[in-house]
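The sequence shown begins at 20 in my numbering and counts up one residue at a time.
C-beta: ideal position from N, C-alpha, C; glycine also.
Notes follow the structure.
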Amino acid sequence: MIKYLALILLFFFNSIQSETFNFLHIPIQEEGRIKPLDSFARNQLLKIYGKTNLTIYQEENYEISAIDWLYAVLRQEPSSLNQSIFKIQNPDVVNALNLDKTEKLLYSFNQINTGLSTQNNIELIQRISKTDKKFLTLVEKQILDLNIKHKLFLDLFNSASCIIPIIQISNPTIAQAFGVSSNDRISYFHYIRNQISIHHELQKIVQSIDSNNENELTLFELKNIMETIAIFENEIFIRNQSNKLNSSNILKIIPSENEWQSVWNVIDEIKISGSTNNTNSSLLLLLEKIFDDNDEYKKTYLKDYYNVISLETKLNAKLLKREVNYNQSNLFIWSLIFYILSLISLFIFSMFKKLPAQLKLVPFLMIGIGFLYHLSGIVIRMTILERPPVSTLYESVIFVGLIAVFFCIILEYIKKDNLSIYIGSISGIILHYISFGYAADGDTLGVLVAVLNSNFWLATHVTTITVGYAATVICSLIGHLYLLKAVFNPKNRSQLKTIYNNMLAMTFIALFFTMFGTILGGIWGDQSWGRFWGWDPKENGALLIVMWLLMMIHLKISGMVKAEGYALGLVLANITVALAWFGVNLLSVGLHSYGFTDGAAFNLFAFILFEVLFGFIFYGLLKYKKYY
């Protein structure tokens with residue numbers, strides 16, 4: 020059913036499905052998941068540069084995609100070393116590296132490499148790498164972070180060097196021994212797979228050398244070539260001596276039964292076994308040709324590469340292509356644009372009382388299109404990951420945004436008062452911006468731990484409680500709207516009554532989903548850990564929302580609060596959602612903990628302060644107007 024829904028929703032975004040297998044579709048294993056090289060490239064550029072597209076600042080600025088950037092880096096193109104991709108905002112770090120401040124605060128690998136390679140900085144990095152981060156100064160933390168990015172770039176730069184033709188052979192005699200034409204370039208892999216015949220031919224050359232100048236030049240070039248080959252041999256030796264994965268293992272594009280292998284792993288196997296008549300060797304040969312920019316048959320080699328991998332694995336090319344299309348379509352950006360258009364059009368049209376009926380539908384149409392883009396993105400993510408839509412903090416944000424807009428569309432369809440479009444557009448916009456902040460942290464299509472990815476009760480619990488979050492957020496936003504209208508337009512009693520009724524109805528919807536979701540969370544906890552409570556503070560946070568909503572309903576029924584007091588209580592309900600949703604993640608305990616960060620804590624406390632001030636200031640203004 021999901022697949023058919025995805026096909027229908029694809030009409031609502033602007034990407035074109037590619038039927039051919041291209042370089043960006045090459046599968047790679049990263050962080051436990053098989054993904055297209057396009058996603059891998061975006062993740063690496065995001066880690067280093069902070070964005071998924073690289074801006075080149077020249078006389079005329081232009082952008083290059085992550086996959087084009089990665090292709091240049093893997094091919095060891097000199098231009099990639101001079102692209103400004105390392106951002107240093109702290110002038111003290113710039114001074115520590117003996118660099119000149121640039122206008123955009125961006126520096127190239129060559130500049131960073133020179134700065135980090137001084138003896139003082141080498142010793143500094145060695146010292147701070149062994150020190151607990153809480154004892155480091157801000158400058159030391161930033162230098163350490165910069166060194167990690169520098170190492171990542173170097174890892175990428177060297178990850179495919181063994182299959183890149185970088186060894187120049189000019190001498191015709193030596194070229195013949197290597198089985199190529201003069202002035203051709205060969206890769207280290209070419210040398211390995213023809214090692215026996217090459218050694219045989221090279222021995223003949225050495226034995227035939229006499230003292231004339233021509234042969235001395237031949238010997239000199241041969242010496243340079245063998246020194247280059249020795250560098251690759253040394254790389255393999257260092258790898259084998261290391262107890263941890265290093266630079267050469269980052270590009271895992273050769274399929275295996277369990278952990279996929281890097282090109283260096285396969286080279287090592289070939290060197291040990293001496294066998295080149297196997298699937299891995301064939302894949303390396305195809306990759307060597309794919310990375311050769313001068314080869315006119317690259318598309319054919321890509322197709323052959325895919326065919327070989329398909330025979331060796333249960334690879335689903337449709338999922339790879341779907342993920343590439345998802346990456347390129349920017350569905351959530353388009354969703355945000357239409358939510359903004361909905362809000363703007365509604366604001367403009369509210370200034371005019373007499374409008375054609377067709378124009379009055381524009382805000383509703385805009386939010387509807389934005390919702391379809393939003394829904395498309397989530398459904399496609401589900402088909403790629405083959406799991407429920409809410410399993411990470413990022414996914415919860417985009418899902419809550421979707422459900423919040425959905426509730427508002429339903430309310431607008433019933434009430435037709437435009438108030439729900441205001442609430443829906445604002446909630447969609449705010450939650451999209453929050454999600455973009457979490458998307459900047461890295462891969463949003465990550466693999467979950469087993470207990471999070473294989474439990475029916477978890478799938479139902481998380482989805483249900485997240486719907487409860489969305490409903491509570493809508494309740495709170497309606498509460499904000501009620502207080503604003505009551506202060507600035509208190510004479511419009513009918514509109515205030517409509518807002519109040521919507522607020523009351525959404526409270527019961529929010530209570531149902533949060534309470535039901537919390538019960539499901541307890542069942543999951545009992546099945547997974549053998550106890551209903553105490554297993555995770557996240558569920559205690561969800562219970563806090565339930566108790567707050569129950570308190571407000573009881574206060575209303577008992578007559579202890581009137582409409583404005585009820586609105587104030589729902590404004591403050593947003594704080595309980597924030598604490599349950601984001602606050603418990605800062606405790607650094609429990610399954611849902613994502614670690615304490617100063618930025619997240621500051622944003623949370625700022626949000627709480629804003630809600631408290633907003634609620635009590637407007638509530639106080641209402642009371643003041645009543646008595647004075």
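Tell me whether residue i sits in a helix, a strand or coil according to DSSP, three-state version.
i, result
"Pro509", "coil"
"Ser127", "strand"
"Gln108", "coil"
"Thr411", "coil"
"Ile45", "coil"
"Pro97", "helix"
"Glu82", "strand"
"Lys70", "coil"
"Ile269", "coil"
"Lys317", "helix"
"Leu264", "Model confidence at Leu264 stands at a pLDDT of 42, short of 50, so the residue's coordinates are unreliable; what they give is reported in the following sentence. The answer is coil: DSSP assigns Leu264 none of H, G, I, E or B."
"Ser58", "helix"
"Asp203", "strand"
"Ser300", "helix"
"Gln15", "An answer regarding residue 15 cannot be provided, because it is not within the stretch 20 to 647 covered by the chain."
"Gln546", "helix"
"Gln280", "strand"
"Ser136", "coil"
"Ser329", "helix"
"Ser577", "coil"
"Ser103", "strand"
Write down the C-beta distance between residue i and residue j rounded to the nearest angstrom, noting that I regard them as a contact closer than 8 angstroms.
i, j, result
"Glu583", "Tyr638", "6 angstroms"
"Phe40", "Leu321", "6 angstroms"
"Phe208", "Ile182", "5 angstroms"
"Leu450", "Thr526", "The Cβ separation is near 20 angstroms, so there is no contact."
"Ile193", "Arg204", "The pair is not a contact, with the Cβ atoms about 13 angstroms apart (cut-off 8 angstroms)."
"Ala592", "Thr491", "6 angstroms"
"Ser454", "Ile417", "5 angstroms"
"Val282", "Leu270", "6 angstroms"
"Leu641", "Ala505", "6 angstroms"
"Lys73", "Gln102", "For clarity, residue 73 is Leu in the given sequence; the question names Lys instead. Contact holds; Cβ gap of about 7 angstroms."
"Ala423", "Ala489", "4 angstroms"
"Ile493", "Ile564", "The pair is not a contact, with the Cβ atoms about 13 angstroms apart (cut-off 8 angstroms)."
"Val466", "Gly51", "4 angstroms"
"Leu539", "Thr479", "5 angstroms"
"His169", "Leu135", "6 angstroms"
"Ile272", "Pro46", "7 angstroms"
"Gln130", "Leu143", "Gln130 to Leu143, Cβ: 18 angstroms. No contact."
Quick one, are the C-beta atoms of residue i and residue j less than 8 angstroms apart?
i, j, result
"Pro191", "Ser206", "no"
"Gly389", "Ser361", "yes"
"Phe128", "Phe197", "no"
"Gly461", "Thr533", "no"
"Ser354", "Gly293", "no"
"Arg212", "Ile328", "no"
"Asp623", "Gly602", "It is Leu, not Asp, that sits at residue 623 in the sequence shown. In contact: Leu623 and Gly602 (Cβ atoms closer than 8 angstroms)."
"Lys120", "Val113", "yes"
"His393", "Phe426", "no"
"Tyr81", "Ile75", "yes"
"Leu175", "Gln280", "no"
"Phe371", "Glu431", "no"
"Gly309", "Phe42", "Looking at the sequence shown, residue 309 is not Gly but Ile. In this structure, Phe42 lies closer than 8 angstroms to Ile309 by Cβ."
"Ala620", "Gly560", "no"
"Thr537", "Leu502", "no"
"Ser216", "Asn202", "no"
"Ile386", "Ile428", "yes"
"Thr237", "Ile250", "no"
"Leu404", "Leu365", "no"
"Tyr324", "Leu302", "yes"
Is residue i near the ligand MG, with its Cβ less than 7 angstroms from a heavy atom?
i, result
"Thr319", "This structure lacks the ligand MG, and indeed carries no ligand of any kind."
field: Stretch pair the region 565–579 + the region 619–630: three plus CB contacts closer than 8 angstroms
entry: no
message: Going residue by residue through the region 148–191, where are the continuous alpha helix (DSSP H) segments of at least 4 residues, counting only ones entirely within it?
response: 157–177
message: Which runs of the alpha helix (DSSP H) at least 4 residues long sit entirely within the region 432–496? Give them in chain order.
response: 438–458 and 469–472
field: Any 3 or more C-beta pairs closer than 8 angstroms across the region 105–116 and the region 163–172
entry: yes
message: For the structure I just gave you, are there three or more beta carbon pairs, one from the region 83–97 and one from the region 496–515, closer than 8 angstroms?
response: no
- prompt: What alpha helix (DSSP H) runs, 4 residues minimum, are completely inside the region 331–409?
  reply: 336–348, 350–368, 376–379 and 381–404
- request: Indicate whether the contact test is met: 3 or more Cβ pairs, each with one atom in the region 425–440 and one in the region 330–339, closer than 8 angstroms.
  value: no
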